[in-house]
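Report on one structure; see the data block that follows.
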Amino acid sequence: MIRTGHAPSSAPRPDATSSGQGKNQASSAPPAQPARSQRAASGLPWRGSFPWRSHDPGEPCRLVGRHDRGDCRPSSRERLSIEPRPCSENGVANMPTKAFLALVRLRYHAGMSTVTAPTIHCIPVLADNYVWLIEGADRATVIVDAGEAGPIIEAIESRGLKPVATLITHHHGDHVQGLGELTRRFPMPVYGPDSCRRVGVDTVVGEGDRFTIPQVGEFAVMATPGHTQDHLSFINGQAIFCGDTLFTAGCGRLFEGTAAQMLHSLARLADAADAIGDGATIYCGHEYTTDSLRFAAHAEPDNADIAARVREVAAMRAKGEPTASASMDLEKRTNPFLRIREPVLRRAVEAYVGDTIENDIEAFAQLRHWKDDFDGLARL
Ligand SMILES: [Zn+2]
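Letter 199 of the sequence shown, counting from 1, is numbered 199 in full-length UniProt numbering, and no numbers are missing.
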């Protein structure tokens, strides 16, 4: 599970885009507890707005530490890096989710109907990374990430594909270090975050952007900070390319971002999948499913869907098949990081902490630390 080859962290990109959302209650307003309870009772943990979206960008996220209730626990929050901060600093003041989901629906139900559904190829690179090739009409192909050029070039040439663009999810070396050699061999535009200009991104994109690659289709861009500050996910039809943000049965480690950012990013990916509907599928940056499921089964030992998936993934890996893509429906049933509002998992996290947990961000942060402990990794 220990990743190598990551480039040094770049300075965080200022996510200062004002959402204009949540024109607001007074800052001393109590948390929107009734709404949260209703959502929890609905059995749909990621539906609806999240509590920290309910105030103006720039104001502290008062719900995080329950400062208004006087029951905050500074030492815990400091350790978890989830102390209240202005939303713009937390990176959650992005495009209003409703507007983004409207965009996704529009692209999928209208724009995508004019394009043949692409074929997606999985190319293993480095130790456990995956590059995804999105093959559209006439073999025009979009490449997602470029950790190592050789296997990508070999895959393209052996399949007779025509690379027309590369998309970069984030700045880590195991996602970009093959980009120079790749674009020297196949000159093409490279879409990605501003932080990756230095490694070859020439078309900077960010939250809410959309662009069309001829013969492949339209892509929507979602900022998904948490693993890194600059992380982007790309949505094309039913496919969500989420890099190192959401993994099959797991999620990326918090190298640069906070638990609040990652939780928010995962929630928005789940919301986007809901907007796409049945068939929404994630494509991840690493083959981590076996290890992630080991933890999932540890955290939820009575979850039959997780037990079944453990057997299925073991059989696939025995045949050398990749397991880093999966339906979001399966993820919501088996990925603990998408299930922190499930009472059984919340109780398990509280047992790990040895204390009660009263908000989603702390629960998420503790779950992430629990997995790091489980993996034998040093705490961040
Ligand atoms: Zn990474």
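Beta carbons are placed, not taken as given, at the ideal position from N, Cα and C, and that holds for glycine. None of the values given here were measured: they were computed from a predicted structure.
What are the partner residues of residue i, as DSSP defines its beta bridges?
i	result
W132	C122, V144
M262	According to DSSP, which records beta bridges pairwise, M262 is partnered with nothing at all.
P301	Partner(s): none; P301 has no beta bridge.
C251	L246
R210	A220
I235	A220, I240
S325	Y283
Secondary structure at residue i, three-state DSSP: helix, strand or coil?
i	result
H286	strand
I276	helix
I340	coil
H179	Before going further, note that residue 179 is Leu rather than His in the sequence given. L179: helix per DSSP, three-state reduction.
residue 381	Since the first residue of the chain shown is 1 and the last is 380, residue 381 is not available in this structure.
V204	strand
residue 381	Since the displayed the chain opens at 1 and closes at 380, residue 381 lies outside it and no answer follows.
A117	coil
K162	strand
D372	helix
A318	helix
Q229	coil
R346	helix
E256	coil
A127	coil
Provide the residue span of the beta strand (DSSP E) that contains residue i, from first to last.
i	result
A220	217-223
F186	Run containing F186: none; DSSP gives neither H nor E here.
S195	Looking at the DSSP string, S195 is not in any beta strand (DSSP E), and its letter there is neither H nor E.
From which residue to which residue does the alpha helix (DSSP H) around residue i run?
i	result
V176	173-176
L330	328-334
I153	149-159
Going by CA-CA distance only, name the one from the options that's closest to residue i.
i	options	result
E181	D194, G192, T166	T166
G237	I120, G243, H231	I120
T258	Q366, E154, G279, G376	Q366
Y130	H298, E287, L254, R159	E287
M311	T290, R368, A326, S327	The sequence given here has Arg at residue 311, not Met. The candidate whose alpha carbon is nearest that of R311 is T290.
G192	L266, T323, C242, P118	C242
L338	R309, V199, R368	R368
M222	G376, E207, T212	E207
L330	G279, G217, I156, R346	G279
R341	H298, W370, L263, S158	L263
residue 386	W132, A137, T281	Given that the chain is displayed from residue 1 to residue 380, the structure contains no residue 386 and the question cannot be resolved.
D202	P214, T212, P189, F211	P189
Using a C-beta cutoff of 8 Å, does residue i count as contacting chain B?
i	result
A239	The displayed structure is made up of one protein chain only, and chain B is not part of it.
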